[in-house]
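> I have a structure here, written as structure tokens, and I will follow up with some questions on it.
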DNA sequence: TTGCTAAGTCTGTCAACTAGACCTAGGGTG
DNA sequence: CACCCTAGGTCTAGTTGACAGACTTAGCAA
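Residue numbers (the working numbering), protein chains in the order written: chain A, 993 to 1155; chain B, 993 to 1155.
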């Protein structure tokens, strides 16, 4: 059997791993999900994610430190000043990850009633989808049509023993 | 400030949450990353993910139980029969999630040298991208152009107190 | 002065992760 | 035969992290 080429390369500095270091836990995903739903306040986040307050606090701080969220102040009439959390551009750019999870969950893990939330194009109201395409304009239906190749950051492994 | 409509609805049975219940941890993502790279064997997975053997064992079993991987046997000449793990269709359909993470990581978390792996369309060799589109054919550039609306599974919350 | 609320922090318990040693089955070697 | 080698695990002990629930804080209102 032919071995995949990646086995000859280092794994260090993988971009997926770097991304997972920022959002690689359930809590962060739930927080981001709510942020994309427009939820901004601590208490609302807590009710909707079901996370313990401390975990939520940690996640919000971590996501803010990483620049995915930005802490802002708001004040309702007759209330003191409070904080809310808003997505930054960096955070918003994670949207495709959430959409991909939503689509997969809808296909394989949904309840009988269908999804709780659907996504519409704000301009035209049509449903939003993720599409895998190539820059030559072809649509890809499956991971099988994709070939991983070494990128510019690929480093040959110091081979210890036979590969 | 207007409150987001989701606050009036239940959070139960969210499809994102259901998806996260299957793959919502770092280990599972790393295993899937390697599976998409073509890695199939326990030892190779262990070296490349850096996961402790026990965690890897747990994740492989969990992903197999969930039907994302399938355990198969292989035998090299002069070797005893061993096991390998291959992606099922259900597992392969998670590919967009990994691609989304890869793209985000490439933009915001990559090292100076660029990505380790690039994705090519197997047929034409052009680089593969994930695109957010609507079914009317528009391309969306940002999460801001997306409007979440209640889906068929949305359930109004039993309101306790003012919303 | 007391109470209310949002947004936290503190504490104790329990589950999960981690490192590292150990085990096992089949084949090769002396 | 007796022994070693390897892939693919399991076992154990120690540490970290998640969780539930109580407590704290700041500002406004009665």
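No residue lacks a Cβ here, since even glycine has one placed at the ideal position from N, Cα and C.
Given the structure is predicted, the values throughout are model-derived calculations rather than measurements.
What's the gap between the Cα of residue 1200 (chain B) and the Cα of residue 1041 (chain B)?
Here chain B has residues from 993 to 1155 only, and residue 1200 (chain B) is not among them.
> Distance check for residue 1018 (chain A) and residue 1017 (chain B), CA to CA, integer angstroms please.
Residue numbering aside, residue 1017 (chain B) sits at position 25 when the second chain is read from its first letter. Residue numbering aside, residue 1018 (chain A) sits at position 26 when the first chain is read from its first letter. Rounded to whole angstroms, residue 1017 (chain B) to residue 1018 (chain A) spans 7 Å at the Cα level.
> In this structure, what does DSSP give as the bridge partners for residue 1141 (chain B)?
Here residue 1141 (chain B) refers to the residue found at position 149 of the second chain. DSSP lists A:1110 as partners of residue 1141 (chain B).
> So with Cβ pairs under 9 Å, would you call residue 1092 (chain A) a contact of chain B?
Position 100 of the first chain, counting from 1, holds the residue named residue 1092 (chain A). Judged by the 9 Å Cβ criterion, residue 1092 (chain A) is in contact with chain B.
> For residue 1108 (chain A) and residue 995 (chain B), I'd like the C-alpha separation in whole angstroms.
Taking the first chain and counting its residues from 1, the one referred to as residue 1108 (chain A) is at position 116. Taking the second chain and counting its residues from 1, the one referred to as residue 995 (chain B) is at position 3. The straight-line gap from Cα to Cα measures roughly 18 Å.
> Would you tell me roughly how many angstroms separate the C-alpha atoms of residue 1144 (chain A) and residue 1090 (chain B), rounded to the nearest one?
Locating residue 1144 (chain A) in the first chain gives position 152, where the first residue counts as 1. Locating residue 1090 (chain B) in the second chain gives position 98, where the first residue counts as 1. The alpha-carbon atoms of residue 1144 (chain A) and residue 1090 (chain B) are separated by roughly 19 Å.
> If you run the structure through DSSP and keep just helix, strand and coil, what is residue 1061 (chain B)?
Residue mapping note: residue 1061 (chain B) aligns to position 69 of the second chain, counting from 1. Strand, per DSSP.
> Report the residues of the stretch 1028-1040 of chain A with a CB closer than 7 Å to any CB of chain B, ordered along the chain.
Of all residues in the stretch 1028-1040 of chain A, 1028, 1029, 1030, 1031, 1036 and 1040 have a Cβ within less than 7 Å of some Cβ in chain B.
> Roughly how far, in whole angstroms, is the beta-carbon of residue 1122 (chain A) from the beta-carbon of residue 1101 (chain A), given that I think they are within contact range, below 8 Å?
The residue labelled residue 1122 (chain A) in the question sits at position 130 within the first chain. The residue labelled residue 1101 (chain A) in the question sits at position 109 within the first chain. That belief does not hold up - the Cβ atoms of residue 1122 (chain A) and residue 1101 (chain A) are roughly 17 Å apart, past 8 Å.
> Any contact of the stretch 996-1005 of chain B with the stretch 1026-1043 of chain B, i.e. 3+ C-beta pairs under 8 Å?
Too few Cβ pairs lie closer than 8 Å, so no.
> From the beta carbon of residue 1044 (chain A), is the nearest beta carbon of chain B less than 9 Å away?
By one-based count along the first chain, residue 1044 (chain A) stands at place 52. Output row for residue 1044 (chain A): interface = no.
> Rounded to whole angstroms, what is the Cα-Cα separation between residue 1033 (chain B) and residue 1007 (chain A)?
In the second chain, residue 1033 (chain B) corresponds to position 41, counting from 1. In the first chain, residue 1007 (chain A) corresponds to position 15, counting from 1. Their Cα atoms are separated by approximately 22 Å.
> Determine the extent of the alpha helix (DSSP H) in which residue 1100 (chain B) is found, giving its start and end residues.
Taking the second chain and counting its residues from 1, the one referred to as residue 1100 (chain B) is at position 108. From DSSP, the alpha helix (DSSP H) with residue 1100 (chain B) extends over 1087-1100.
> Skipping 5 residues on each side, what residues in its chain have a beta carbon closer than 7 Å to that of residue 1078 (chain A)?
Your numbering for residue 1078 (chain A) matches position 86 in the first chain. Only 1032, 1061, 1062 and 1064 meet the Cβ criterion.
> Suppose you measure from the CA of residue 1098 (chain A) to the CA of residue 1113 (chain B); what does that come to, to the nearest Å?
Translated into the one-based positions of the first chain, residue 1098 (chain A) becomes position 106. Translated into the one-based positions of the second chain, residue 1113 (chain B) becomes position 121. In a straight line, the C-alpha of residue 1098 (chain A) is about 26 Å away from that of residue 1113 (chain B).
> Between the C-alpha atoms of residue 1103 (chain A) and residue 1002 (chain B), what's the straight-line distance to the nearest angstrom?
Stepping through the first chain from its first residue, residue 1103 (chain A) is reached at position 111. Stepping through the second chain from its first residue, residue 1002 (chain B) is reached at position 10. Approximately 14 Å between the Cα atoms of the pair.
> Return the chain-ordered list of same chain residues with a C-beta closer than 6 Å to the C-beta of residue 1067 (chain A), the five sequence neighbours on each side being excluded.
Within the first chain, the letter at position 75 stands for residue 1067 (chain A). Here the set comprises 1073.
> Can you check whether the C-beta of residue 1187 (chain B) is within less than 9 Å of a C-beta belonging to chain A?
Outside the modelled stretch of chain B, which goes from 993 to 1155, sits residue 1187 (chain B), for which no answer is possible.
> Check the Cβ of residue 1112 (chain B) against every Cβ in chain A and list those closer than 9 Å, keeping chain order.
Start at 1 with the first residue of the second chain, and residue 1112 (chain B) comes out as number 120. Near residue 1112 (chain B) (Cβ distances below 9 Å), the residues of chain A are 1126, 1138, 1139, 1140 and 1141.
> Going along chain A in order, which residues have a C-beta closer than 7 Å to the C-beta of residue 1063 (chain B)?
Reading the second chain from its first residue, position 71 is the one you call residue 1063 (chain B). The contacting residues do not exist; residue 1063 (chain B) stays about 16 Å from chain A at best.
> Under 9 Å Cβ-Cβ, which residues of chain A neighbour residue 999 (chain B)?
Here residue 999 (chain B) refers to the residue found at position 7 when the second chain is read from its first residue. In chain order: 1029, 1030, 1031, 1036, 1039 and 1040.
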